[in-house]
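Let me begin by presenting the structure, written as structure tokens, before commenting on it.
Protein chains: 2
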Amino acid sequence: MPSPRTETAEQVSSLILERFVPYRLSVLSNTVSRAIARIYAERFDLTIPEWRVMAQLGRHGRLSASDIVGLTAMDKVRVSRAVARLVASGRVVAVPDETDRRRQLLTLAAAGRRIYREIVPLALEREARLLDALEPEERRALDRLLAKLQGQAAKLAPKTAGEDGEPD
Amino acid sequence: MPSPRTETAEQVSSLILERFVPYRLSVLSNTVSRAIARIYAERFDLTIPEWRVMAQLGRHGRLSASDIVGLTAMDKVRVSRAVARLVASGRVVAVPDETDRRRQLLTLAAAGRRIYREIVPLALEREARLLDALEPEERRALDRLLAKLQGQAAKLAPKTAGEDGEPD
DNA sequence: TGGCATTAGTTTCATACGAAACTATTATCT
DNA sequence: AGATAATAGTTTCGTATGAAACTAATGCCA
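The listed protein sequences derive, respectively, from chains A and B.
With the first sequence counted from 1, adding 4 to any position gets you the numbering used here.
With the second sequence counted from 1, adding 4 to any position gets you the numbering used here.
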């Protein structure tokens, strides 16, 4: 492995895509996503946005859609659609908030809780297998790097400190 | 920052999305992507697949579409569409390969080379700004971690050791 | 109280995506 | 050579995406 082009922007005007961090992040993220999305899709007929909504409801109990927007870095359109499907499939219950009739309070239905309890260990196991490639110190380093990069990226990004989309 | 759940799969059946590495990778990748995609889109009316094709042609000179598939982790549908647009916009020239008439050999046209020379420094500058948040040793660590994780993720992934898609 | 700005959430619309099917050409096997 | 498999690349088709417009309810301020 040749020493990477890490010294700021030297090696002027030569760009090797395979070493370009945004590209590598994109490829990695998508490889990982596919591996994990299979669990949700094949075994539970869940999309990733649906899974994220369930994860938040499973952890926090009762939330409005906009709470979930704030928690998941998904935009409200995505959340709205995910919630609609979850309600349609009987995995989530929505009850109107009587103190603010624009809002609906969402909770996992029994079927949703059942699935949630099944998925969580599978998801954690996948994550563990991914991290198997790393030493313990490397995992801590990863944790720190992800946090730092996310903070920096948010500065460079436009309004929508978005989520899924197009990488590079 | 609480010590992360890195000890394999302890803390059983508790999943906090904000700490879940696949999720964090997804959010980061997409935040970075948006920041960078803006350059391509606003200033050059280029999509990311088009940019990737140009990056490979800019570096390697003359390639077939399937060469690019092999180099970019994009599937052939995406490459095909990107190439079609690049040819339509006069940025890439496609000439039939006389020794194998299924193939077309692609090169950057003059307009494509011009754009390529303009984009490369901008892309590298964005990358540099992202990495500004890291110390030099951290950048080296990032390089290593990305490589290791990509290797491991490829093992867990299905056939299509894909690219863009849906994260978590 | 009335009116204007906000917020919650949905719908519309144009675009991107990729699996699968398809066309055309080349490779391989007998 | 003739048939079958494999490869290059395109098209089809159903689905996902998000910006922008929209509906409905609430907040704010004079």
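From the three backbone atoms N, C-alpha and C, an ideal C-beta is built for every residue, glycine too.
State the start and end residues of the unbroken beta strand (DSSP E) segment that holds residue i.
| i | result |
| --- | --- |
| T111(B) | 108 to 112 |
| A98(B) | 96 to 100 |
For the alpha helix (DSSP H) containing residue i, list its first residue and its last residue.
| i | result |
| --- | --- |
| A92(A) | 80 to 92 |
| E54(B) | 52 to 64 |
| L149(A) | 140 to 160 |
| L32(A) | 25 to 42 |
| A69(A) | 69 to 76 |
Does any residue of chain B have a CB that is nearer than 8 Å to the CB of residue i?
| i | result |
| --- | --- |
| V31(A) | yes |
| L190(A) | Residue 190(A) lies beyond the residue range present for chain A, which begins at 5 and ends at 172; the question has no answer from this structure. |
| R133(A) | yes |
| L61(A) | no |
| A13(A) | Model confidence at A13(A) stands at a pLDDT of 41, short of 50, so the residue's coordinates are unreliable and nothing is read from them. |
Below 8 Å on C-beta distance, what does residue i contact in chain A?
| i | result |
| --- | --- |
| T76(B) | L21 |
Examine chain A for any beta-carbon lying closer than 8 Å to the beta-carbon of residue i, and answer yes or no.
| i | result |
| --- | --- |
| Q108(B) | no |
| S37(B) | yes |
| L160(B) | yes |
| E142(B) | yes |
Work out the CA separation of residue j and residue i for me, nearest whole Å.
| i | j | result |
| --- | --- | --- |
| L153(B) | V73(B) | 21 Å |
| T164(A) | V81(A) | Reliability fails at T164(A), whose pLDDT of 39 lies under 50, so the model's placement of it is uncertain and the value that follows must be treated cautiously. Each residue's Cα considered, the two are about 13 Å apart. |
| T111(B) | L61(B) | 6 Å |
| A114(A) | S93(A) | 12 Å |
| L135(B) | L67(A) | 36 Å |
| E46(B) | L32(B) | 21 Å |
| L138(B) | A98(A) | 44 Å |
| Y27(B) | D147(A) | 12 Å |
| S18(A) | G155(A) | 27 Å |
| L29(B) | T103(B) | 43 Å |
| L21(A) | A69(A) | 38 Å |
| R85(A) | D79(A) | 10 Å |
| L75(B) | A59(B) | 10 Å |
Could you work out which residues of chain B lie near residue i, taking near to mean beta carbons separated by less than 9 Å?
| i | result |
| --- | --- |
| L138(A) | T10, L149, K152, L153, Q156 |
| A127(A) | L19, F24, P26, D172 |
Does the Cβ of residue i have 16 or more other Cβ atoms within 10 Å, making it buried, or fewer, making it exposed?
| i | result |
| --- | --- |
| G116(B) | buried |
| P100(A) | exposed |
| R118(A) | exposed |
| P125(A) | exposed |
| P53(B) | buried |
| E131(B) | buried |
| S37(B) | buried |
Counting only Cβ pairs nearer than 7 Å, list the residues of chain A close to residue i.
| i | result |
| --- | --- |
| A145(B) | A145, L149 |
At 8 Å on the CB atoms, spell out the chain B contacts of residue i, in chain order.
| i | result |
| --- | --- |
| R85(A) | Those do not exist, as R85(A) stays about 13 Å from chain B at its closest Cβ, beyond 8 Å. |
| R130(A) | P26, L160 |
So which residues on chain A does residue i lean against when the C-beta distance must stay under 9 Å?
| i | result |
| --- | --- |
| R105(B) | By Cβ distance, chain A contributes nothing, its closest Cβ being about 29 Å from R105(B), past 9 Å. |
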